[in-house]
Amino acid sequence: MGRRWFGVLVAPALVVTGFVSPAAAAGPSPTVESPAVAPLAAPAPVDPTVTTVAVDGIDPAAARDATAFDDAQGESASATDPGTEPVDPADVVALGARTLTARFLVAGVTWDAGQDVDVTQVAVRVREQGAWTAWQELDVVDAGVPGERPGTEPVVSSGADAAQVRVATADGAADVAGLRLDVVDDGTATTEPTTTTTTTTTTAVTAKGATGDVIRPGIVTRAQWGANEKRGSAWPEVSAKLSAMYLHHTAGTNSYTKAQSASIVRGIYAFHTGSRGWPDIGYQFLVDRFGTVYQGRREAINDLPIGAQAGGYNTATIGVSAMGNFQDGNPPAAMVASIEKVFAWQAYAHGLDATGRTTLITGSSTGSGTRAKGGAKVTVPVILGHRDTNYTACPGWRLYEKLPAIRKAVKTQVTAALAKYGKPVPALAAPTVVAPSSTQAPVQWSASSTYRWAAVKGAVSYQVLTRSSGLSYAMDDARAWSVLKTVRTTSASVPTDAGRTRVVAVRAIDSKGRRGTVATVGQVTRMVDWSAVARSSGWSGSVSAGYPTYRATAGGAVLTVKGVKQARAVVLQVERGPSTGRLEVRVGSTRLGFVETRASTASARSVVRLDLGRSVSGTLTVRTVKGTGAVRVAALAFPRVAVASKAIGTGTLPPAKPTKVTLAASQAPFRETTSSTYRWKRVPGATRYEVFVRTAAHGSTLPSSWTKVRTTTATSFVQKMTQTGRTWVVGVRTVGKGGTSAITAFPAATRPVSSALVKRSSGWKTVHNDAWFRDAAFQATTAKRTLTITKAKSVRSIRLIVASAPDRGRVKIKVGSTMIRTVSTASAKHVAHRHVDVVLPRAMSGTVTLTTLDHKRVRISAVVLGR
4 MGRRWFGVLV APALVVTGFV SPAAAAGPSP TVESPAVAPL AAPAPVDPTV TTVAVDGIDP
64 AAARDATAFD DAQGESASAT DPGTEPVDPA DVVALGARTL TARFLVAGVT WDAGQDVDVT
124 QVAVRVREQG AWTAWQELDV VDAGVPGERP GTEPVVSSGA DAAQVRVATA DGAADVAGLR
184 LDVVDDGTAT TEPTTTTTTT TTTAVTAKGA TGDVIRPGIV TRAQWGANEK RGSAWPEVSA
244 KLSAMYLHHT AGTNSYTKAQ SASIVRGIYA FHTGSRGWPD IGYQFLVDRF GTVYQGRREA
304 INDLPIGAQA GGYNTATIGV SAMGNFQDGN PPAAMVASIE KVFAWQAYAH GLDATGRTTL
364 ITGSSTGSGT RAKGGAKVTV PVILGHRDTN YTACPGWRLY EKLPAIRKAV KTQVTAALAK
424 YGKPVPALAA PTVVAPSSTQ APVQWSASST YRWAAVKGAV SYQVLTRSSG LSYAMDDARA
484 WSVLKTVRTT SASVPTDAGR TRVVAVRAID SKGRRGTVAT VGQVTRMVDW SAVARSSGWS
544 GSVSAGYPTY RATAGGAVLT VKGVKQARAV VLQVERGPST GRLEVRVGST RLGFVETRAS
604 TASARSVVRL DLGRSVSGTL TVRTVKGTGA VRVAALAFPR VAVASKAIGT GTLPPAKPTK
664 VTLAASQAPF RETTSSTYRW KRVPGATRYE VFVRTAAHGS TLPSSWTKVR TTTATSFVQK
724 MTQTGRTWVV GVRTVGKGGT SAITAFPAAT RPVSSALVKR SSGWKTVHND AWFRDAAFQA
784 TTAKRTLTIT KAKSVRSIRL IVASAPDRGR VKIKVGSTMI RTVSTASAKH VAHRHVDVVL
844 PRAMSGTVTL TTLDHKRVRI SAVVLGR
């Protein structure tokens, strides 16, 4: 049997907040030599090449090989468990040929997203130095990244030149669309870093004390291992604290050379960002068998970006990944020593007890293989292996059995650091915040508002952090922050969508990238969009000062908002005066209290509040009380913090959203021409309009964020649509005296897919006629002829542009393995340009297949995949 070959486990991100100890404050400020400098000179960024090898069905010659369905080598659960994973040949849906590839160090298997298919085993074998390895099972990894491409862990080789892939599913029936092997040319031929020994000095000990960096080990930075920073982006979420540290192994070969280590890291980075579609590499740190520590994710040295080290437990943890297979082989002493140093550095900086235990909360990410159910609390060692919380044998039995000794060694190093430097304290103080005004908190009346703080000594920039929640879902996990932006000034403009509650915080960053203590600026809530408020009879709408308002003159008129989550107060902007009335507030059938709008002095817009006394969720109603007077309501909001039950301030409402002019049927969801005009109605009080676009090419996921493309005083916008297969979503918002409105979005519009992307089976030919769309059509005259379009993303409807006639045939439409519908291309008379539209049951991704069913002529000019 060949060499055992293992897949790389995905790990997360780490962080260090600089700290300073009071013990060091008594003495002078010595300069401490830090080994935190990489032993590699910084090369130019290297961008590995990813080569894709399609795996489609079962290759007949490969299936005749006597070893084709041999057990795969998995990871054993104990020192005596052989760890073999059998496969039922009836469940195998793909078996590729033994395929020659370019030389590679890293490879992995992926497939199209959006398929209803249960992949139960992915196995790979490779040829190294002329000999084929045994089948090696690769774990399927779901990092929970929006838009990610499903797939396996990457695998590491010391230099393979051929590979074979085998894939099984739960029923052996459903094909896995878009299945492919990605092999990574690590870019070594482009740049081979020169090994050097570099040392720098830092002032890790100052008159204030010692920072957490004082015992940081030497680390090869991303620049030094040749990361191309144009790939991906920084991870958007960071942990608010560190509770536990995971030990992993990448698995794969143990025979790589010292010169190959950086190449392997580059290859993993390319696979994660290119093949899997992640924003960054899945590890915070990697340690090779020679004891060299490599930085993984961006900012991993100075922050705690949430990673993918242990599905379900990535928040408040970090992972260190050992490069090699330690199921059978013992980890080298140099590697173990460096792992201990990384753990000691983090434990000292974050005040962790290396031999203690901690509690983690199980997340609900799919495909994570957690041993506990989502939401369950588990008690685990502070330093643990991936297998402690997830169904895996990672970090390999021989490395896992060293964990007790590693914990003890880390404890010793932390104790020594505490004795020498004392407890670390933040390298930078928390900013002193300027209290939000009454028009910012608890309700932020404008769509965007500027928050301020005082400058911090030693800071060169400030990181703005947030947590948020929508009207109908709970606040983000308090164990994490989302990084909103980094600014060099002492203020930041923070946008907040209608109905959303947002916690805004800030921390200082020094010239070394170290983060200071987080200061909370405030918690703000935006008013509910009127589209989310149901109004009973008795309310009449009007526009006051450019803003919509609703007035009721009799009792029993109700405003209803469903799905409110965790409200602690009800805040309304109303008209007040000597004869205005009273409002009753309820959740369900339970009365929460009354809001009095009557006042001796008249005011067109005043803010009134009702403290609910507790957190309230459900359907909230605001009802006029009979006999108390007329009531006019301009806005309402549901803050998640308690506020006083009294009227204060006046606020300024932002303008109303633009009302879109309904698009013509020819504009959405399918657009056949190369431009489209979008129109909206003029909004009273508007000074201008901002136009936004979300767009994605065929095969790419539509971004969740908007890109501003135009500012205009007109009420129309022309979007050019020259690219085939691309989808556009256009939005517009109003800018007025009170700020900006929410965005009004138009329906998505998609252009027909390029003919070059439509793959034809035998039996099709191209015919031409000036009356047809694109002056051409694909024609088939027999059954079982297929047209396929791969990499479809989130398709909700399909249009076939056909040339129809009475004698034309039928076509079966499938997405992935799901049968959608059979349609006819026949018509009562000849039609040169006819639409056959099909609405899908849900958003679906994968390969779209059109199959002819009759021995009749079918002519298809184009296919449009609407989103």
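In the numbering used here, each residue carries its 1-based index in the sequence shown increased by 3.
Beta carbons: idealized from backbone N, C-alpha and C, even for Gly.
DSSP-derived helix/strand/coil call for residue i
| i | result |
| --- | --- |
| A210 | Low confidence applies to A210: its pLDDT is 47, below 50, so where it sits in the model is not reliable, and the reading given next is rough at best. DSSP places A210 in coil when its eight states are reduced to three. |
| R390 | helix |
| E140 | strand |
| Y316 | coil |
| G372 | coil |
| S278 | helix |
| W542 | strand |
| K762 | strand |
| V628 | coil |
| A265 | helix |
| P63 | helix |
| P755 | coil |
| W767 | strand |
| I746 | coil |
| R401 | helix |
| T418 | helix |
| A233 | Sequence inspection shows Lys at residue 233; the Ala mentioned does not correspond to that position. The answer is coil: DSSP assigns K233 none of H, G, I, E or B. |
| D283 | coil |
| P92 | helix |
| W709 | coil |
| I222 | coil |
| L474 | coil |
| K411 | helix |
| G270 | helix |
Anticipated Cβ contact below 8 Å, residue i with residue j, distance rounded
| i | j | result |
| --- | --- | --- |
| G221 | N328 | Not confirmed; about 25 Å, so no contact. |
| G739 | G688 | 5 Å |
| A659 | M530 | Their Cβ separation, rounded to whole angstroms, is 12 Å, which puts A659 and M530 out of contact at 8 Å. |
| V628 | E587 | 6 Å |
| V53 | D164 | At roughly 16 Å, the Cβ-Cβ gap does not stay under 8 Å, so V53 and D164 are not in contact. |
| G255 | S160 | 7 Å |
| V696 | V732 | 7 Å |
Euclidean distance between Cα positions of residue i and residue j
| i | j | result |
| --- | --- | --- |
| V886 | W238 | Residue coverage of the chain in this structure runs from 4 to 870, which leaves residue 886 outside it and unanswerable. |
| P384 | A752 | 52 Å |
| P196 | S266 | Residue placement at P196 is flagged as unreliable, the pLDDT there being 38, under the threshold of 50; the coordinate-derived value follows with that caveat. Each residue's Cα considered, the two are about 10 Å apart. |
| T789 | G516 | 56 Å |
| Y297 | W228 | 8 Å |
| Y476 | S449 | 22 Å |
| M248 | T730 | 43 Å |
| R870 | Q782 | 26 Å |
| D59 | I271 | 25 Å |
| K859 | A100 | 36 Å |
| D91 | V814 | 34 Å |
| T528 | R643 | 8 Å |
Reference residue i, options the options, closest by Cα
| i | options | result |
| --- | --- | --- |
| L387 | K380, C397, A379 | C397 |
| I61 | P89, Q526, A177 | A177 |
| D901 | S603, K629, A605, R594 | Within the shown structure, residues of the chain are numbered from 4 to 870, placing residue 901 beyond reach of any answer. |
| A640 | L562, V628, R279, K423 | L562 |
| V179 | V268, V851, H858 | V851 |
| A64 | E404, P661, T102 | T102 |
| G519 | D500, K460, G558, A483 | K460 |
| F288 | G310, A422, S324, V413 | S324 |
| T727 | T677, Q132, T418, V437 | T677 |
| G632 | V598, K663, T665, V619 | V598 |
| V590 | V577, S618, S609, R608 | S618 |
| T825 | A795, K796, R845, L856 | L856 |
| I321 | W281, A375, S242 | S242 |
| P755 | S708, A831, T828, V866 | V866 |
| V268 | P51, R811, R626 | P51 |
Any non-hydrogen atom of the ligand NAP within 8 Å of residue i CB
| i | result |
| --- | --- |
| A508 | Inclusion of the ligand NAP in the displayed structure is not the case, the ligand content being empty and no account of it being possible. |
**Prompt:** Hey, which unbroken runs of the beta strand (DSSP E) at 3 residues or more fall wholly within the stretch 559 to 611?
**Reply:** DSSP runs (the beta strand (DSSP E)) wholly in the stretch 559 to 611: 561 to 579, 585 to 590, 593 to 599.
**Asked** Unbroken alpha helix (DSSP H) runs of length 4 or more, entirely within the stretch 325 to 384: which are they?
**Response** Taking only runs of at least 4 residues, the alpha helix (DSSP H) segments lying wholly in the stretch 325 to 384 are 336 to 353.
**Asked** Going along the chain, which unbroken runs of the alpha helix (DSSP H) with 4 or more residues stay wholly within the stretch 488 to 524?
**Response** Restricting attention to alpha helix (DSSP H) runs no shorter than 4 residues, the stretch 488 to 524 encloses none.
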